[in-house]
Amino acid sequence: MAELVSIREAVAARAEGMIAARGDWPCRKGCDDCCRRLASVPLVSAVEWAGIREALDGLPVAVAEAARERIRLSAVGERPFTCPLLERASGACLVYAARPVECRTYGFYVERDRVLGCERIEAVAGEVSSVVWGNHDGVAADLQALGEAAPLHAWVDA
Ligand code: SF4
Ligand code: SF4
Numbered sequence: 001m002a003e004l005v006s007i008r009e010a011v012a013a014r015a016e017g018m019i020a021a022r023g024d025w026p027c028r029k030g031c032d033d034c035c036r037r038l039a040s041v042p043l044v045s046a047v048e049w050a051g052i053r054e055a056l057d058g059l060p061v062a063v064a065e066a067a068r069e070r071i072r073l074s075a076v077g078e079r080p081f082t083c084p085l086l087e088r089a090s091g092a093c094l095v096y097a098a099r100p101v102e103c104r105t106y107g108f109y110v111e112r113d114r115v116l117g118c119e120r121i122e123a124v125a126g127e128v129s130s131v132v133w134g135n136h137d138g139v140a141a142d143l144q145a146l147g148e149a150a151p152l153h154a155w156v157d158a
């Protein structure tokens with residue numbers, strides 16, 4: 001768990017630094033396009049899933065069970081995916097405090113040759129020189145050290 005907290009803190013520091021450097025950064029509360037247009041259902045390790053499960057257990061029973069059922073159904077869905085952990089009406093993440101690290105990097109990190117995020121991020125990516133993007137390959141390596149990652153539906157009834 002300490003390792004996961006450390007990764008989360010590093011990602012949060014990077015995101016906060018970018019927002020501080022540019023106050024109009026597109027990622028903000030209420031912006032949920034990325035959660036509605038995922039290339040794949042989030043991949044999480046056992047330690048990340050433990051936090052998500054705990055967060056689900058803290059929700060009203062009907063809300064949690066509906067989310068669990070969406071997770072099960074996501075095993076047979078097609079891309080782009082709407083995240084099963086998204087509260088669709090409000091656009092809020094049901095497990096925000098426990099959301100995967102993968103989600104925390106959207107809009108702030110880059111892989112070798114592509115920005116991770118949405119069209120809004122792509123639109124500003126080329127014009128920004130005052131921020132330092134996060135290195136997604138580094139985070140991916142740190143996450144790998146936490147254990148094997150699997151899609152949410154692989155954990156939901158495990
Ligand atoms: S990555 Fe795009 S859709 Fe997601 S929060 Fe940032 S600006 Fe909004
Ligand atoms: S886990 Fe939460 S933040 Fe991540 S894609 Fe799903 S709804 Fe969005």
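In our numbering, the protein residues as written are 1 to 158. Glycine is no exception: its CB is placed at the ideal position from the N, C-alpha and C atoms. Small disclaimer: the values here were computed from a predicted structure and weren't measured.
Considering only the alpha carbon of each residue, which of R79, L43, L86, L73 lies closest to V63?
Nearest option by C-alpha distance: L86.
DSSP state of Y96, grouped into three classes?
Y96: helix per DSSP, three-state reduction.
How is the alpha helix (DSSP H) around A15 delimited, first residue to last?
2–21 is the span of the alpha helix (DSSP H), which, as asked, contains A15.
Alpha carbon to alpha carbon, how far is G30 from A92? Give it in angstroms, no decimals.
Between A92 and G30, the C-alpha separation is close to 7 Å.
What are the start and end residues of the alpha helix (DSSP H) that includes E69?
Its alpha helix (DSSP H) spans residues 61–73.
Straight-line CA distance for S45 to E148?
About 6 Å.
What is the DSSP secondary structure of A141, reduced to helix, strand or coil?
Residue state, collapsed to three classes: helix.
For P84, count the other beta carbons within 10 Å of its own beta carbon; 16 or more makes it buried, fewer makes it exposed. Which is it?
Looking at its Cβ environment, which holds 16 or more other Cβ atoms inside 10 Å, P84 is buried.
Tell me whether P181 is buried or exposed, calling it buried when 16 or more other Cβ atoms sit within 10 Å of its Cβ.
Any property of residue 181 remains undetermined from this structure, which presents the chain solely from 1 to 158.
Output yes or no for whether 8 Å exceeds the beta carbon distance between Y109 and H136.
Contact: yes.
Can you give me the Cβ contacts of C103 inside the same chain, cut-off strictly under 7 Å, excluding the 5 residues immediately before and after it?
Excluding residues within five positions, the ones whose Cβ falls inside 7 Å are P42.
Using a Cβ distance threshold of 8 Å, determine whether the region 143–157 contacts the region 3–18, with at least three qualifying pairs required.
As far as the Cβ criterion goes, the region 143–157 touches the region 3–18, which means the pair count is three or higher.
What does the alpha-carbon distance come out to for the pair L59 and R120?
One C-alpha to the other measures close to 32 Å.
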